[in-house]
Amino acid sequence: MTFIGSDVRIRNDKIPTANIAIMVKGIGWSSLDYFPMMVMQSIFGNWDRALGTSLLLSSCLSHIMSSNNLANSFMSSSTSYSDTGLWGIYLVSENLMNLDDLMHFTLCEWTRMSITPTEVEVEHVKSQLKAGLVLGLDGTTAVAEDIGRQLVTSDRRFMLQQIESAINAVTVDEIKHVTQK
Numbered sequence: 001m002t003f004i005g006s007d008v009r010i011r012n013d014k015i016p017t018a019n020i021a022i023m024v025k026g027i028g029w030s031s032l033d034y035f036p037m038m039v040m041q042s043i044f045g046n047w048d049r050a051l052g053t054s055l056l057l058s059s060c061l062s063h064i065m066s067s068n069n070l071a072n073s074f075m076s077s078s079t080s081y082s083d084t085g086l087w088g089i090y091l092v093s094e095n096l097m098n099l100d101d102l103m104h105f106t107l108c109e110w111t112r113m114s115i116t117p118t119e120v121e122v123e124h125v126k127s128q129l130k131a132g133l134v135l136g137l138d139g140t141t142a143v144a145e146d147i148g149r150q151l152v153t154s155d156r157r158f159m160l161q162q163i164e165s166a167i168n169a170v171t172v173d174e175i176k177h178v179t180q181k
């Protein structure tokens, strides 16, 4: 499968918000970069201004969005398929006069990941990511779905300890490396 970039803009003055998706070519399930990309997605995270912000819980991007009233919400996204994927962010803003700033700061944060991600933020989100994965397996249905997804996508079942080890192994240099591809 070949990734073909595009830019589609649809203006609709009947809705009060701009809904923006910025996506780039991601990686497949079997890629060695899968876990670094997962950690990087967690660094950006998700944010909704209705839920507030905290220096301990939120990403740098959420602080920028909140303090400058640039967005209502954003959600980072990583979708992997067998040999390719999509990685990006979905933003919603009612501040239509500052969409250029919204795009500027979002892309600046993406660029920062290729140059100066910090050890503190990488380690912090690795802990959050591992906790989220464990909490997501809170019942037999969730475990069965996880097993099925792993078998379909990678022909094997990863034990939680293997996933935890792979996440623990992600370094700042790996984050820089995957962003420069």
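Position 120, counted from 1, in the sequence shown is what my numbering calls 120; the numbers after and before it change by one each time, with no gaps. Beta carbons: idealized from backbone N, C-alpha and C, even for Gly.
What distance in whole Å lies between the Cβ atoms of residue j and residue i, which are believed to be in contact at a cut-off of 8 Å?
i, j, result
"Glu126", "Ile167", "Note that residue 126 corresponds to Lys in the displayed sequence, not to Glu. Yes, they are in contact, since the Cβ atoms of Lys126 and Ile167 sit about 5 Å apart, within 8 Å."
"Val39", "Ile175", "7 Å"
"Ala142", "Gly136", "6 Å"
"Thr17", "Asn72", "7 Å"
"Ser93", "Leu107", "Their Cβ separation, rounded to whole angstroms, is 15 Å, which puts Ser93 and Leu107 out of contact at 8 Å."
"Ser6", "Leu129", "Contact doesn't hold; Cβ gap of about 30 Å is too wide."
"Trp29", "Thr153", "4 Å"
May I have the straight-line CA-CA distance separating residue i from residue j, to the nearest angstrom?
i, j, result
"Phe44", "Ser62", "8 Å"
"Asn98", "Leu70", "7 Å"
"His177", "Met37", "10 Å"
"Phe105", "Ser66", "12 Å"
"Asp13", "Ala50", "24 Å"
"Gly132", "Asp100", "33 Å"
"Glu123", "Leu91", "25 Å"
"Ser59", "Thr140", "32 Å"
"Trp183", "Asn19", "Missing from the structure shown is residue 183; the chain here goes from 1 to 181 and no further."
"Glu164", "Val8", "38 Å"
"Asp138", "Asp173", "33 Å"
"Ala144", "Asp155", "15 Å"
"Val134", "Asp146", "11 Å"
"Thr79", "Ile10", "23 Å"
"Ala169", "Ile64", "29 Å"
Looking only at C-alpha atoms, which of the options sits nearest to residue i?
i, options, result
"Gly52", "Thr153, Glu145, Phe74", "Phe74"
"Ile202", "Ser93, Cys60, Val172, Ser77", "Within the shown structure, residues of the chain are numbered from 1 to 181, placing residue 202 beyond reach of any answer."
"Ile15", "Asn95, Cys108, Asn68", "Asn95"
"Gln180", "Thr141, Thr17, Thr111", "Thr111"
"Leu86", "Asp173, Tyr34, Thr17, Ser93", "Tyr34"
"Ser31", "Thr106, Leu91, Thr84", "Thr84"
"Ile22", "Tyr81, Glu109, Ala169", "Glu109"
"Gln150", "Ile64, Ile10, Tyr81, Asp173", "Tyr81"
**Study point:** Touch test, the stretch 108-118 against the stretch 152-160, Cβ-Cβ under 8 Å, three pairs minimum
**Key:** no
Review point. Which ranges does the alpha helix (DSSP H) cover as unbroken runs of at least 4 residues, wholly within the stretch 57-145, from first to last along the chain?
Key: 60-67, 99-115, 119-136
Check your understanding: Which ranges does the alpha helix (DSSP H) cover as unbroken runs of at least 4 residues, wholly within the stretch 11-55, from first to last along the chain?
Key -> 34-44
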